[in-house]
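Trainee: Pasting a structure below so you can have a look.
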Amino acid sequence: MKRVAVLTSGGDAPGMNAAIRAVVRTSIYRRLEAVGVMKGFEGLIDGEFVPLTRSSVGGIIHRGGTILKTARSERFKTEEGVNRAFFQLKNAGIDGLAIIGGDGSFRGAQKLYEKGFPVIGIPGTIDNDVAGTDETIGFDTAVNTALEAVKKLRDTASSHDRLFIVEVMGREAGFIALEVAVASGAEYLVVPELPFSLGKLCDKLHDTRERGKTHSLIIVAEGAMSASALRAQLQDTAGYDARVTVLGYIQRGGSPTSFDAVLASRMGAFAVESLIEGKHGVMVGTMAHQMALTPLAESWQTKKRLSPEKLELVEKLSI
Ligand code: ATP
Numbered sequence: 000m001k002r003v004a005v006l007t008s009g010g011d012a013p014g015m016n017a018a019i020r021a022v023v024r025t026s027i028y029r030r031l032e033a034v035g036v037m038k039g040f041e042g043l044i045d046g047e048f049v050p051l052t053r054s055s056v057g058g059i060i061h062r063g064g065t066i067l068k069t070a071r072s073e074r075f076k077t078e079e080g081v082n083r084a085f086f087q088l089k090n091a092g093i094d095g096l097a098i099i100g101g102d103g104s105f106r107g108a109q110k111l112y113e114k115g116f117p118v119i120g121i122p123g124t125i126d127n128d129v130a131g132t133d134e135t136i137g138f139d140t141a142v143n144t145a146l147e148a149v150k151k152l153r154d155t156a157s158s159h160d161r162l163f164i165v166e167v168m169g170r171e172a173g174f175i176a177l178e179v180a181v182a183s184g185a186e187y188l189v190v191p192e193l194p195f196s197l198g199k200l201c202d203k204l205h206d207t208r209e210r211g212k213t214h215s216l217i218i219v220a221e222g223a224m225s226a227s228a229l230r231a232q233l234q235d236t237a238g239y240d241a242r243v244t245v246l247g248y249i250q251r252g253g254s255p256t257s258f259d260a261v262l263a264s265r266m267g268a269f270a271v272e273s274l275i276e277g278k279h280g281v282m283v284g285t286m287a288h289q290m291a292l293t294p295l296a297e298s299w300q301t302k303k304r305l306s307p308e309k310l311e312l313v314e315k316l317s318i
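Counting from 1, position 212 in the sequence shown corresponds to residue 211 in numbering that gives the first Met the number 0; the numbering is continuous, with no gaps.
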């Protein structure tokens with residue numbers, strides 16, 4: 000193996016740059032050349048390669064976003080697109096490719112692997128909805144960004160005796176919502192994984208008030224329902240007057256937390272070491288803090304579950 004390429008794909012996530020840096024520096028440490036692919040699979044199809052040296056990844060470990068840019072590529076979903084990408088990799092003399100992204104990106108990675116190209120996945124998405132790893136790169140930062148906002152809203156909720164509904168990111172999964180709910184001491188959590196019961200929520204709000212608590216905080220994952228739809232239901236059915244905040248894209252940006260910078264560094268380095276050892280078609284991850292490899296296909300075939308223990312905590316600690 001002589002030349003390793005790296006690309007970022009899907010939604011950007013804080014820590015992707017730290018992972019790029021780790022792939023590049025580990026490659027150079029192992030006397031391999033490193034190459035960046037711009038704009039994910041789109042750039043791969045078009046052969047947008049850039050040489051990466053140890054200094055081209057200097058000063059990026061704490062930068063949010065991705066210096067390689069990211070994209071969603073419809074062309075890569077076609078046989079022709081995958082063939083073109085395969086040709087570009089061979090033509091550029093690349094021997095291994097590290098793909099940083101979510102499970103969608105790994106479906107794409109699998110296509111290249113099935114054509115016989117050595118690929119390895121690095122899970123980078125704020126949603127944490129990728130099986131085969133305890134956490135994905137960017138999740139911890141997104142949770143902390145959301146938590147900072149929720150703590151500020153809690154101040155206002157408590158000063159004005161108000162009910163607040165905060166919508167956090169998570170189209171398919173409630174990992175961010177659950178983590179934020181536990182860490183902020185929220186009264187109620189609405190996630191796509193669990194059926195929503197307006198009656199249960201109203202009972203909870205009623206009990207909370209009976210116990211003398213005058214403000215409440217509901218965390219809702221965007222994939223379950225919008226905060227404004229929930230507000231309307233509460234208003235129409237039970238007359239509750241809630242304030243709504245949608246956190247949106249601020250959760251995707253920013254400097255990675257120390258946890259994400261370390262996780263990304265470990266995963267990037269481990270990905271290159273694994274490629275050198277001939278381990279392909281797999282995704283790097285951490286299981287109980289130890290580095291682990293799982294087949295790429297597991298990232299979309301196995302649904303990662305919310306922790307029942309944490310779900311119970313929201314219920315138990317919000318009395
Ligand atoms: P995030 O979780 O941040 O959304 P993701 O990697 O899951 O990240 P997707 O938009 O689902 O993001 O996928 C990224 C890209 O991967 C797609 O734009 C497409 O180019 C490629 N991809 C997804 N599914 C497939 C597939 N079945 N075959 C080939 N390529 C795919």
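Backbone N, C-alpha and C fix where the C-beta goes; we use that ideal spot for every residue, glycine too.
Predicted model only: the values in this text are computed from it and were never measured.
1. Where G320 and Q289 are concerned, what is the direct C-alpha to C-alpha distance, given to the nearest angstrom?
2. Taking 8 Å as the threshold (C-beta atoms), are F105 and W299 in contact?
3. So Q232 is in the alpha helix (DSSP H); what residue range does that whole segment cover?
4. Return yes when at least one heavy atom of the ligand ATP lies under 7 Å from the C-beta of G107, else no.
5. Can you list the beta strand (DSSP E) stretches of 3 or more residues lying completely in the region 65-136, in chain order?
6. Among K114, S72 and A97, which residue has its Cα nearest to the Cα of F86?
7. Taking the beta carbon of T155 as the centre, do at least 16 other beta carbons fall within 10 Å, making it buried, or is it exposed?
8. With distance defined between alpha-carbon atoms, name the residue in E221, L177 and S273 nearest to D94.
9. Under 8 Å between the Cβ atoms of V181 and V219?
10. What distance in whole Å lies between the Cβ atoms of T132 and G284, which are believed to be in contact at a cut-off of 8 Å?
11. Give the list of continuous alpha helix (DSSP H) stretches no shorter than 4 residues that lie fully inside the region 255-306.
12. Tell me, to the nearest whole angstrom, how far the beta carbon of V165 is from that of L146; I am working on the premise that it is less than 8 Å.
13. Counting beta carbon pairs with one atom in the region 118-125 and one in the region 9-24, are three or more of them shorter than 8 Å?
14. Taking its Cβ as the centre, do 16 or more other Cβ atoms sit within 10 Å of E178, making it buried, or is it exposed?
15. For a test of your reading of the model: does the CB of R71 fall under 7 Å from any non-hydrogen atom of the ligand ATP? Yes or no.
16. In angstroms with no decimal places, state the Cα-to-Cα distance between L305 and T25.
17. Counting contacts by CB-CB distance shorter than 8 Å, is D133 in contact with chain C?
18. Rank R251, E276, F195 and V281 by C-alpha distance to the C-alpha of L229 and give the top, closest one.
19. Between which two residues does the beta strand (DSSP E) harbouring R2 extend?
20. With distance defined between alpha-carbon atoms, name the residue in S183, S215, P50 and P255 nearest to S158.
21. CB of F138 to nearest heavy atom of the ligand ATP: below 7 Å?
Mentor: Walking through what the data contain:
1. Because residue 320 is not part of the residues shown, which for the chain are 0 to 318, the question remains open.
2. yes
3. A226 to A237
4. yes
5. 95-100 and 118-122
6. K114
7. exposed
8. S273
9. no
10. 3 Å
11. 257-275 and 297-300
12. With a Cβ gap of about 10 Å, V165 and L146 do not count as contacting.
13. yes
14. buried
15. yes
16. 33 Å
17. Among the protein chains of the structure shown there is no chain C, as only one such chain exists.
18. F195
19. R2 to T7
20. S215
21. no
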